[in-house]
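In UniProt numbering, the protein residues as written are 1 to 216.
Note that the Cβ used here is the ideal one computed from N, Cα and C, for glycine as well.
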């Protein structure tokens, strides 16, 4: 079973967006989560790494925020961390579904677990390998996964979800459908690289008769 505390659970959020943060606090309270608010990179001085020149300002800021958490995982030798963006909505049974993950011994060397992802899976209610899945609104990253990401992209970082999609190519990343986290999208304040397509989310969930009422 996973254990999430203030030391290994982070939500990226702009410090001056108190309304957005208060909304997230209500979600954390509902799910009995103690989450550290991680200041989102916003200003030019916040960008301390080198990024691919095609990235826009918001994409660099979002990616920088994720990279700093990856570095924190490695520097503090955390086994894993829960990383959230400030528009994450949780499946009301996400903890129970997540605890099924370790039932399969083949998954013990995982690098990342994507609680939200860009594409539905053919099988439902089952953990499956993640491949070409984008979005980083909610994921669990292991120490090994963080180390690989930092070593792979050092000197030329990309958008956070493109980098994590490359990590998936190693075959040790997993996801679940219906997604354990969906994003509100337009209400995000941190400049995510891929804008959540709410219509697509609704369409995919309706296809398996899974109501948005399952999310909080």
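Under 8 Å between C-beta atoms of residue i and residue j
i: residue 111; j: residue 159; result: no
i: residue 154; j: residue 85; result: no
i: residue 201; j: residue 150; result: no
i: residue 79; j: residue 142; result: yes
i: residue 115; j: residue 179; result: yes
i: residue 174; j: residue 117; result: no
i: residue 82; j: residue 28; result: no
i: residue 181; j: residue 89; result: yes
Local Cβ density within 10 Å of residue i, reported as buried at 16 or more and exposed below that
i: residue 137; result: buried
i: residue 193; result: Confidence is the limiting factor: at residue 193 the pLDDT is only 43, short of 50, which leaves the residue's position unreliable and the question unanswerable from this model.
i: residue 43; result: exposed
i: residue 161; result: buried
i: residue 208; result: exposed
i: residue 176; result: buried
i: residue 87; result: buried
i: residue 165; result: buried
Simplified DSSP assignment, three categories, for residue i
i: residue 119; result: coil
i: residue 96; result: helix
i: residue 15; result: coil
i: residue 130; result: coil
i: residue 138; result: strand
i: residue 51; result: strand
i: residue 174; result: strand
Cα-Cα separation between residue i and residue j, rounded to whole angstroms
i: residue 101; j: residue 33; result: 19 Å
i: residue 213; j: residue 23; result: 17 Å
i: residue 50; j: residue 59; result: 13 Å
i: residue 228; j: residue 10; result: This structure cannot speak to residue 228, because the chain is shown only from 1 to 216.
i: residue 157; j: residue 18; result: 29 Å
i: residue 2; j: residue 99; result: 7 Å
i: residue 30; j: residue 96; result: 15 Å
i: residue 121; j: residue 52; result: 31 Å
i: residue 172; j: residue 25; result: 31 Å
DSSP bridge partner residues for residue i (one or two, in chain order)
i: residue 37; result: 11
i: residue 215; result: 91
i: residue 157; result: 51
i: residue 82; result: 9 and 140
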